[in-house]
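Quick note: the sequence shown, position 255, residue 633 per my numbering, numbers continuous. For every residue, glycine included, the Cβ atom is placed at its ideal position computed from N, Cα and C. Structure record follows, encoded as structure tokens.
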Amino acid sequence: MTETVMAAVAAHFGRNLDRTLAKLPGMIAQARERSVDLLVLPDATLGGYLLDMHHPGPSDLPPSVELDGPEVARVAELAGDMTVCFGISERALEGGRDLRYNTAVCVQGGRVIGTHRKVHLPLGESEAYLPGSSFAAFDSPIGRLGMLIDFDKTFPESARSLALDGAEVLACLSAWPASVTDRSDRIRNDRQAHLFDLYDCARAAENQVYLVSSNQTGVLGGLRFLGQAKVVDPAGEIIAKTWAKGGLALASADVSASVARARRTMNHLRDRAEHAYRI
379 MTETVMAAVA AHFGRNLDRT LAKLPGMIAQ ARERSVDLLV LPDATLGGYL
429 LDMHHPGPSD LPPSVELDGP EVARVAELAG DMTVCFGISE RALEGGRDLR
479 YNTAVCVQGG RVIGTHRKVH LPLGESEAYL PGSSFAAFDS PIGRLGMLID
529 FDKTFPESAR SLALDGAEVL ACLSAWPASV TDRSDRIRND RQAHLFDLYD
579 CARAAENQVY LVSSNQTGVL GGLRFLGQAK VVDPAGEIIA KTWAKGGLAL
629 ASADVSASVA RARRTMNHLR DRAEHAYRI
């Protein structure tokens, strides 16, 4: 029996990269003290999220960093033997063009072991970033792992693609705000708060995997972020949660054994009727 300790972070990360890089050592050290094997930080950990979701201009964009740059290398150094996922605004030079992606990075052992460029770009994100083109799982010390970035989890095909690629744990990194059109006085009553939890539980249950869901907290620009970091088991049950406050949602499980047990009788991947689907 191999227990894996999984943790999702709810915290505020703003524009100041130096401040974030000074904040991360303490957060990672606290996780290490609690024997965390997989730590999932929010979308836009380095540099914060967009200040305007609808029509972002140059001043609304976060600072961009390169995958092989010093900022990512510093997080990899801090992670050490822990598997750590975090979000960046990625700058990439491709074919002589200077491009931007909303990217999730996974580091372990002092190096990058996996990346995911956000595929589904809501509202004005498409004016700030190019979309990614695929969902692919990768091997890690905690097993086969896949990553999603917030709006990606709205689409069942995203998580299903990773599960079909062998992922038993999904790390979902978010900068998910409260509703901007139908605000509630209390976050727990907010429509987006309900959807945020619903998508996490549905994606875990329909694929019979663990889902480790992080999120930003606090306010940035005109956006108020929900928090609600959590760990969801293969039955779709929330087994650890931070609610709206900052903190660490932590749970321990024998991942492979739990996934196998969930799929023993009704295996959702095996029992698909591909001939009946329009995708």
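Coarse secondary structure for residue i, derived from DSSP in three states
i	result
valine 352	Nothing can be reported for residue 352: it is not among the residues displayed for the chain, which extend from 379 to 657.
asparagine 567	helix
serine 341	Within the shown structure, residues of the chain are numbered from 379 to 657, placing residue 341 beyond reach of any answer.
serine 518	strand
phenylalanine 603	strand
valine 637	helix
leucine 429	coil
alanine 613	coil
Where residue i falls, given that 16 or more other Cβ within 10 Å makes a residue buried
i	result
arginine 648	exposed
isoleucine 466	buried
aspartate 421	buried
threonine 643	exposed
alanine 454	buried
tyrosine 655	exposed
arginine 475	exposed
serine 592	buried
arginine 569	exposed
proline 440	buried
Where the alpha helix (DSSP H) through residue i begins and ends
i	result
arginine 452	448 to 457
methionine 384	First-last for methionine 384: 382 to 389, but that is the beta strand (DSSP E), not the alpha helix (DSSP H).
methionine 405	395 to 411
alanine 631	Where alanine 631 is concerned, there is no enclosing alpha helix (DSSP H), although the beta strand (DSSP E) it sits in stretches over 625 to 631.
arginine 469	Where arginine 469 is concerned, there is no enclosing alpha helix (DSSP H), although the beta strand (DSSP E) it sits in stretches over 461 to 472.
7 angstroms Cβ cutoff met for residue i and residue j
i	j	result
serine 442	arginine 495	no
alanine 515	glutamine 586	no
alanine 618	alanine 629	yes
glycine 624	alanine 388	yes
glycine 614	alanine 582	yes
Endpoints, beta strand (DSSP E) assigned at residue i
i	result
leucine 523	521 to 527
leucine 499	Neither: leucine 499 is in no beta strand (DSSP E) and is coded neither H nor E.
arginine 475	475 to 486
leucine 417	416 to 418
The ligand SAM heavy atom lying under 6 angstroms from the CB of residue i
i	result
leucine 419	In terms of ligand content, the structure shown is empty, and the ligand SAM therefore cannot be addressed.
> Counting pairs of Cβ atoms below 8 angstroms between the region 546 to 558 and the region 586 to 595, do you hit three or more?
Replying inline: yes
> Pairing CB atoms from the region 424 to 440 with CB atoms from the region 561 to 580, are three or more of them under 8 angstroms?
Replying inline: no
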